[in-house]
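Undergrad:
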Amino acid sequence: MSAHVPKSLFDYGRHRFDVAVECRSCGRVSVFETRDVILHYQAHGWSVALPLDASHFVCRCRSRDVLARATPIEARPRDLPPPRPVLRPLYSKPGRHSG
1 MSAHVPKSLF DYGRHRFDVA VECRSCGRVS VFETRDVILH YQAHGWSVAL PLDASHFVCR
61 CRSRDVLARA TPIEARPRDL PPPRPVLRPL YSKPGRHSG
């Protein structure tokens with residue numbers, strides 16, 4: 001029996017993986033929801049095929065020398081904050097009838 005080899009980020013989502021981005025300079029690992037990474041890459045016209053071009057990520061240490069890999073959703077810490085709103089405005093202007 002052979003294991004399925006993921007070909008794109010869509011396969012990560014189907015098989016319950018998040019995207020872990022590891023900095024080769026400082027060792028920091030940041031984990032992103034696959035859906036968010038797909039939407040971000042598609043919005044910029046970048047390919048979601050694997051291996052993922054992780055050069056679009058920048059570590060807090062300012063290094064672009066990073067590696068993206070799959071990490072199981074089950075590995076998430078139990079004490080994660082509640083999910084963010086799906087769509088949050090950048091800013092709002094008061095309406096015409098505001099006082």
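Numbering-wise, UniProt numbering puts 28 at position 28 of the sequence shown, and it's gapless, one number per residue.
Yeah, the Cβ is synthetic: ideal placement off N, Cα and C, and Gly gets one too.
All values reported here derive from a predicted model rather than from experimental measurement.
Distance check for G95 and D53, CA to CA, integer angstroms please.
TA: Here residue 53 refers to the residue found at position 53 of the sequence shown. Here residue 95 refers to the residue found at position 95 of the sequence shown. Cα to Cα, D53 sits roughly 42 Å from G95.
Undergrad: For D25 and S63, which I take to be in contact (beta-carbon distance under 8 Å), what is that distance rounded to the nearest angstrom?
TA: On the sequence shown, position 25 is the one that residue 25 refers to. On the sequence shown, position 63 is the one that residue 63 refers to. Contrary to the premise, residue 25 reads as Ser rather than Asp in this sequence. At roughly 4 Å, the Cβ-Cβ gap stays under 8 Å, so S25 and S63 are in contact.
Undergrad: Would L9 pass as a contact of V48 if the rule is Cβ separation under 8 Å?
TA: The sequence position of residue 9 within the sequence shown is 9, counting from 1. The sequence position of residue 48 within the sequence shown is 48, counting from 1. Contact: yes.
Undergrad: What residue does the alpha helix (DSSP H) around L39 start on, and which one ends it?
TA: Sequence index remark: in the sequence shown, residue 39 carries index 39 (1-based). Its alpha helix (DSSP H) spans residues 34-44.
Undergrad: Is the beta carbon of R69 sitting closer than 8 Å to the one on A20?
TA: For this step, residue 69 is matched to residue 69 along the sequence shown. For this step, residue 20 is matched to residue 20 along the sequence shown. Yes, the pair counts as a contact, with Cβ atoms nearer than the cut-off.
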